[in-house]
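For reference, the structure is listed below as structure tokens.
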């Protein structure tokens, strides 16, 4: 297993009031049955109203976002309570990326959309 840390903070021109951004994500590659999956995860704070999941409905508070991309570009998006063991799928968040190299950008976008502690 390869572990690497990537910093998600990037300078942006603010057009709205500042908010707390996710500080970092962990990046790891796992090999399963000869295939390589790339898994990215970030700590987030759910937006007001929480994040809807398939299994348990809305979850709120401090969460961890995980995206998993297969070599063919299939992307799965899941969340869990910070420090918990069980992951929950976000409805309709399974997509097919045109290029698996877009995984990191997709994860970054999802982190920005879901990490909204102040609304």
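In this note's numbering, the protein residues as written are 21 to 139.
Glycine included, C-beta positions come from ideal geometry on N, C-alpha and C.
- Residue state for residue 96 is assigned as strand, using DSSP reduced to three classes.
- For the 8 Å CB-CB criterion, residue 75 and residue 86 do not form a contact.
- C-alpha of residue 128 to C-alpha of residue 138: approximately 19 Å in a straight line.
- Scanning 62, 57, 56, 58 for the CA closest to the CA of residue 134 turns up 62.
- A check of alpha carbon separations from residue 58 across 90, 107, 72, 102 identifies 90 as the nearest.
- The Cβ-Cβ distance between residue 60 and residue 123 falls below 8 Å.
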